[in-house]
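Chemist: In this note's numbering, the protein residues as written are 23 to 125.
All residues carry an ideal CB built from backbone N, CA and C; glycine is no exception.
1. Does any C-beta atom of chain C lie closer than 8 Å to the C-beta of residue 124?
2. In the DSSP output, which residue or residues are listed as bridge partners for residue 57?
3. To which residues does DSSP link residue 69 through a beta bridge?
4. Using 8 Å as the cut-off, can you tell me whether the stretch 108-120 makes contact with the stretch 37-56, which would need three or more C-beta pairs spanning the two stretches below that distance?
5. Can you check whether the CB of residue 59 is closer than 8 Å to the CB of residue 29?
6. Quick check on this structure: which residue in 50, 66, 99 and 33 has the alpha carbon closest to the alpha carbon of residue 82?
7. With DSSP run on the structure shown, which of helix, strand or coil describes residue 105?
Set out below in structure tokens:
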């Protein structure tokens, strides 16, 4: 995948899957596999062994990656597709619904 239209720190809404309709902030983006981790979305239970950091061990709930095609950028509370345009000598993202520059 070349340039990702979703970046770390963006607010997104899940548009497909079991968590459809949920919103959250993007924690990380893996452009190679085309997956994103969104805060509070696609929570899985992970069984952890006791360690120095977590003395008790046990079952921990954490976010798992979802496909980037299943999320859509939120702009002014509404979902929008993302496009790229060149302003001056800089390539910027813009919301296709409103035409406003995101970056």
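Modeler: Reading it off the structure:
1. Protein chain content of the structure displayed is limited to a single chain, and chain C is not contained in it.
2. Answer by DSSP bridge pairing, in chain order: 52 and 89.
3. Note: residue 69 sits in a beta bridge opposite 81.
4. The stretch 108-120 vs the stretch 37-56: no contact.
5. No, these two residues do not count as a Cβ contact at 8 Å.
6. Considering only alpha carbons, the answer is 66.
7. Residue 105: strand per DSSP, three-state reduction.
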